[in-house]
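Undergrad: Everything in the sequence shown is counted per our numbering, starting at 16 for the first residue and increasing by one. We put the beta carbon where it would ideally sit given N, CA and C, even for glycine. Values in this document were obtained by computation on a predicted structure and should not be read as measured data. One structure follows; several queries about it will come next.
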Amino acid sequence: ALSAGSSFALTTYLYSPESGGPLTPIATPGIGGGLNIDPSAPRTSECPLSGVMYTSAEKKVWEGRRPLFVMIENMPEARPQSGLNSADIVYEAVAEGGVSRFGAIFYCGVSSADTILGPVRSARTHFINLASEYNYPLYTHVGGANCGSSDPKTCNTDKRVQALEQINQYGWGGAKGNDLNQFSIGFPTFWRDYERLGTTVATEHTMYTST
16 ALSAGSSFAL
26 TTYLYSPESG
36 GPLTPIATPG
46 IGGGLNIDPS
56 APRTSECPLS
66 GVMYTSAEKK
76 VWEGRRPLFV
86 MIENMPEARP
96 QSGLNSADIV
106 YEAVAEGGVS
116 RFGAIFYCGV
126 SSADTILGPV
136 RSARTHFINL
146 ASEYNYPLYT
156 HVGGANCGSS
166 DPKTCNTDKR
176 VQALEQINQY
186 GWGGAKGNDL
196 NQFSIGFPTF
206 WRDYERLGTT
216 VATEHTMYTS
226 T
């Protein structure tokens, strides 16, 4: 994992709204679809996040994207998760009740194919802080803790855990922001799969997206 300081240099490389970089990932063929990348081609391009070597064709793909930071749950009902093995970096931290949650960054490792990711869960303030190290990543989640009241003086949640307010404070919200909240986007970017593993699971463990 990268420390908070080590990723500072990467932000000059990664896209921001001012740089003219695209707001959303470039289009790829359907789930699992390829991009006609020759797997036997020389791996001469180093991923700026992980140091893993890729082909020059894959580099062209990730240079046209912004990092995708996805909240992926780790409850027993969610295992095995989809897509974690394709992440360039995975952060793990306690979410609630002693159960951890993952913040996974997808940038170089998904350049050759569209990849299913999930189950996607809600935003957490500490993960938002981690995501901010990558300048303006596409922060992907399903809602999150918020004030719960139109009047900030009557909030029923502690300000320290108000994730949705923090997203807006960072300037990530709005139609042209980089906040990919399922509550605002919906299908087909996000979808539910109740029987991915052959057995029915509770609704909170069923949300998926793709790169």
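Using 8 Å as the Cβ pair cut-off and three pairs as the minimum, do the stretch 84-100 and the stretch 50-57 touch?
TA: no
Undergrad: Using CA coordinates, which residue listed in 68, 122, 67 and 196 is at the minimum distance from residue 135?
TA: With distances taken between Cα atoms, residue 135 lies closest to 196.
Undergrad: What separation, rounded to the nearest whole angstrom, lies between the Cα atoms of residue 38 and residue 150?
TA: Because residue 38 sits at a pLDDT of 40, beneath the cut-off of 50, its placement in the model cannot be relied upon, and the following sentence gives the value as read from the coordinates. Roughly 13 Å between the two C-alpha positions.
Undergrad: May I ask you to list the residues that DSSP assigns as paired with residue 141?
TA: DSSP lists no partner for residue 141.
Undergrad: Hey, out of 111, 92 and 103, whose CA is closest to residue 62's CA?
TA: 103
Undergrad: Does the stretch 121-128 come within contact of the stretch 210-219, defined as at least 3 CB pairs closer than 8 Å?
TA: no
Undergrad: Hey, could you find the ends of the alpha helix (DSSP H) residue 148 is sitting in?
TA: Segment: none, residue 148 is in no alpha helix (DSSP H) and carries neither H nor E.
Undergrad: Which of the three DSSP states, helix, strand or coil, is assigned to residue 46?
TA: Any reading at residue 46 must be qualified, since the residue scores a pLDDT of 46, below 50, and its modelled position is unreliable; the value itself is stated next. Coil, per DSSP.
Undergrad: Residues bridged to residue 223 by DSSP?
TA: 206
Undergrad: Is the Cβ of residue 179 closer than 7 Å to any Cβ of chain B?
TA: Absent from the structure: chain B. Only one protein chain is present.
Undergrad: From this set, 78, 179 and 226, which residue's C-alpha is nearest residue 163's C-alpha?
TA: Considering only alpha carbons, the answer is 179.
Undergrad: In the DSSP assignment, find the unbroken alpha helix (DSSP H) run with residue 120 in it and report its ends.
TA: No alpha helix (DSSP H) contains residue 120, which is instead part of the beta strand (DSSP E) from 114-121.
Undergrad: Considering just the uninterrupted stretch of the alpha helix (DSSP H) at residue 178, what are its terminal residues?
TA: Boundaries of the alpha helix (DSSP H) around residue 178: 178-184.
Undergrad: Tell whether a beta-carbon distance below 7 Å holds between residue 117 and residue 87.
TA: yes
Undergrad: Throw me the rounded Cβ distance for the residue 154 and residue 200 pair, which I believe falls under 8 Å.
TA: In fact, because the Cβ distance is near 12 Å, the residues do not count as touching under 8 Å.
Undergrad: Would the beta-carbon of residue 101 fall within 7 Å of that of residue 124?
TA: yes
Undergrad: Do residue 158 and residue 198 have their CB atoms nearer than 7 Å?
TA: yes
Undergrad: Using DSSP with H/G/I as helix, E/B as strand and the rest coil, what is residue 195?
TA: strand
Undergrad: By the three-class DSSP mapping on this structure, what secondary structure does residue 9 have?
TA: Given that the chain is displayed from residue 16 to residue 226, the structure contains no residue 9 and the question cannot be resolved.
Undergrad: Tell me the DSSP bridge mates of residue 67?
TA: DSSP lists no partner for residue 67.
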